[in-house]
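For the sequence shown, the numbering used here gives the first residue as 936, with consecutive numbering after it. Structure first, then comments.
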Amino acid sequence: MEPQKEARTPGDPVARSSGPSRSQTPNDEERRDGDTAPAEASLGAEADGACADALWELPVEPAERRPECSRCSRPQKVCLCPFLPLHPLHISTHLYIIQHPAEENKVLRTVPLLTACLPQDKCKVKIGRRFSEERDPELSTVCRKSDTLILYPGAEAANLEEFILDSPIYPSTIIIIDGTWSQAKDIFYKNSLFRLPKQVQLKTSISSQYVIRTQPTNRCLSTLECAAAALSILEKNNYIQETLLRPLQALCSFQLQHGAQIRLSKEHLLKNGLYPKPMPKNKRKLRKMELLMNSVKI
936 MEPQKEARTP GDPVARSSGP SRSQTPNDEE RRDGDTAPAE ASLGAEADGA CADALWELPV
996 EPAERRPECS RCSRPQKVCL CPFLPLHPLH ISTHLYIIQH PAEENKVLRT VPLLTACLPQ
1056 DKCKVKIGRR FSEERDPELS TVCRKSDTLI LYPGAEAANL EEFILDSPIY PSTIIIIDGT
1116 WSQAKDIFYK NSLFRLPKQV QLKTSISSQY VIRTQPTNRC LSTLECAAAA LSILEKNNYI
1176 QETLLRPLQA LCSFQLQHGA QIRLSKEHLL KNGLYPKPMP KNKRKLRKME LLMNSVKI
């Protein structure tokens, strides 16, 4: 074996046996006995290294995932298809979901439920953080059309319901960003394409039904809820919102029955003195907390 060759002294013949030979002198035997411990230590270290290298070379077995439903992307044991419409909803509006990569593998995401309810040619999901005309010509073309809207709150955003009443061109496409609030803000402001469409927002006093996730304010909605409200307005059909919210309600109900807790918004916790963490010392973060307490949109 290779370690034994390396342990041999330069004067050892290849065919020498492991026992002492007849030609060995007492000095040779003493010298051999004296070198036994270092040689064994060297062999042991090399053997450990070889074992470690062998472990690195072993194939990595991927973690076994529970079988998923092909329609709702939920584990088959907790499939939500009974709460989905039998057939995709008939809509004329095109919906583009701009999804932050971190959202793609989250367990309790709402976009798969949304896409399962809508026709494939009417609902497209684009995953990424940076978009340009070179990287995505299709999205670039959509953003440049006069009948495209982007749903993102802000001082310059028009009320969606009021806008469609006065708009000379009825919107045919709406873009929604999917991610945490900080992720959505990063995508919106660092992609110039998303400043081309008309910016709109929802003016609603309805609280989110996605009660198993903490939201910044009581008026913050999940991606599915935003899409449900927007499509209901654009299609002038309240049944769309009711149908899209049904699987979300079922998801939350199931999670609550199996140990999840209702998550109150940061705004509610701060206003009622229930916020469990100390106020941040960072001025920017502290300012955000103050805005939440005063119900100012951030």
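Note that beta-carbon positions come from the ideal geometry of N, C-alpha and C, so glycine has one too.
- Taking a contact as a CB-CB distance under 8 Å, the pair Y1174 and F1123 does not count as one, their CB atoms being some 30 Å apart.
- Annotation note: the stretch 1043-1095 contains the following uninterrupted beta strand (DSSP E) runs of length 3 or greater, listed N- to C-terminal: 1058-1062, 1083-1086.
- Taken in chain order, the unbroken stretches of alpha helix (DSSP H) that lie wholly in the stretch 1100-1148 and span 4 residues or more are 1116-1124.
- T1050 counts as buried, since at least 16 other C-beta atoms from the protein chains shown sit within 10 angstroms of its C-beta.
- A residue is called buried when at least 16 other Cβ atoms come within 10 angstroms of its Cβ; P1132 meets this threshold and is buried.
- Note: L1156 is not bridge-paired with any residue in the DSSP secondary-structure output.
- As DSSP reads the structure, I1032 sits in a beta bridge with V1060, I1111.
- For T1083, the number of other beta carbons within 10 angstroms of its own is at least 16, and it is reported as buried.
- In this structure the stretch 1013-1027 does not touch the stretch 1087-1102; the number of beta carbon pairs closer than 8 Å is below three.
- Across the structure, P1072 and A1163 are spaced so that their CA atoms are roughly 27 Å apart.
- The Cβ-Cβ distance between L1169 and I1099 falls below 9 Å.
- Rounded to the nearest whole angstrom, the C-alpha separation of Q1144 and L1183 is 8 Å.
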